[in-house]
Structures are given as structure tokens and as C-alpha cells.
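Numbers 15 to 169, taken from the numbering used here, label the letters of the sequence shown in order.
A virtual CB, placed ideally from N, CA and C, is assigned to each residue, including glycine.
Only one structure is covered here, and it is reproduced in the block below.
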Amino acid sequence: MRTPDALISALQHPNPTTRKEAARILADSPVERAEAALSAALADPESGVRVAAAYAISQLKNQLLATTTSLALAVRSDPEPSVRETCCYALSSAPKATLVARTTLIDTINEDQAINVRCAAAYALERSGHSAGMDFLTSALRSNCLLYTSDAADE
Numbered sequence: 015m016r017t018p019d020a021l022i023s024a025l026q027h028p029n030p031t032t033r034k035e036a037a038r039i040l041a042d043s044p045v046e047r048a049e050a051a052l053s054a055a056l057a058d059p060e061s062g063v064r065v066a067a068a069y070a071i072s073q074l075k076n077q078l079l080a081t082t083t084s085l086a087l088a089v090r091s092d093p094e095p096s097v098r099e100t101c102c103y104a105l106s107s108a109p110k111a112t113l114v115a116r117t118t119l120i121d122t123i124n125e126d127q128a129i130n131v132r133c134a135a136a137y138a139l140e141r142s143g144h145s146a147g148m149d150f151l152t153s154a155l156r157s158n159c160l161l162y163t164s165d166a167a168d169e
């Protein structure tokens with residue numbers, strides 16, 4: 015069995031598969047002292063490592079503000095929708111959904127081009143007790159239902 019320190023070191027390994035696996039294992043048994051290394055892994059060149067790191071962060075009991083800020087930055091700037099989506103879910107576990115998390119999630123609902131990312135942001139907001147998440151999900155469902163109904167009427 016790998017020790018937490020070995021897993022934290024493995025997040026720096028030259029092989030991206032090793033880095034991703036280390037983050038995945040840390041998600042299965044979260045170690046609070048791994049938080050800084052996982053936060054740094056959000057900037058990894060490999061998107062799979064970034065997704066695994068965001069998921070591992072979401073499993074931590076208490077996110078530090080610096081980690082929440084790193085997640086928010088990734089939601090706003092990562093080129094990969096899967097990374098942005100996973101970071102939104104991780105933000106939902108930020109302590110009391112800090113202002114940084116809430117602002118980022120609301121902006122994401124309004125601005126992100128990927129519907130899965132917008133839905134993840136809405137879910138995260140709803141989970142933290144903010145009504146904007148439910149408002150977006152309700153609106154999205156109505157829009158999709160209306161589109162489906164009008165498509166069926168055209169046939």
C-alpha cells in the first residue's frame with residue numbers, strides 16, 4: 015500500500031498516468047495534507063490529471079480558501095469542459111459555498127458554452143442552498159421540453 019506522502023510525491027511524477035492514478039487513489043481515501051498538491055495538479059498539462067485532482071479535492075472534508083480559489087480559476091479558464099465540470103462539482107463542497115465559489119458558479123451558468131458545465135454549476139449552487147441553481151435547471155428543462163415539443167409537432 016502506498017503511503018500518503020508517496021501518493022503526494024507521485025502527483026509530480028513525469029508519467030501522466032502515474033499522476034492521475036495518484037490523484038484517483040487520494041480521492042478514494044482523502045488526505046487533508048494532500049490538498050496543496052492536489053490544488054497544484056489542477057494546472058497539470060494533462061486534462062485527465064486535472065479531472066482526477068478536482069474529484070479528489072471534492073472528497074476532502076474542509077477545503078481551504080486557496081483551494082477554492084484554484085478550483086474557481088480552473089472553472090473560468092480551463093479549455094476542457096470535463097475539467098470545468100468536475101471543478102464545479104468540487105466547488106459544491108466548498109465550506110459554506112464561499113463568495114468566490116458562488117460568484118464563479120453563477121458566472122458559469124450565464125457564460126460557459128458547454129451545457130454540461132452549466133448544469134454542473136447549477137447543481138453545485140443548488141447543493142449549497144443558492145436558488146440560482148434551481149432557477150437555471152428549471153429554465154433549462156422548460157427550454158428542452160419546449161424544443162422537444164416543437165420538434166415533434168413539426169414531424
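- According to the DSSP assignment, A37 belongs to the alpha helix (DSSP H) that extends over P30 to D42.
- Going by beta carbons, Q77 and A51 fall outside the 9 Å limit.
- DSSP, read as helix, strand or coil, puts A128 in coil.
- DSSP assignment within the stretch 64-150 yields the following whole alpha helix (DSSP H) runs of 4 residues or more, N-terminal first: 79-91, 95-105, 113-125 and 129-141.
- Here R132 is buried, its C-beta having at least 16 other C-beta atoms within 10 Å.
- Within 10 angstroms of the beta-carbon of S84 lie 16 or more other beta-carbons, which makes it buried.
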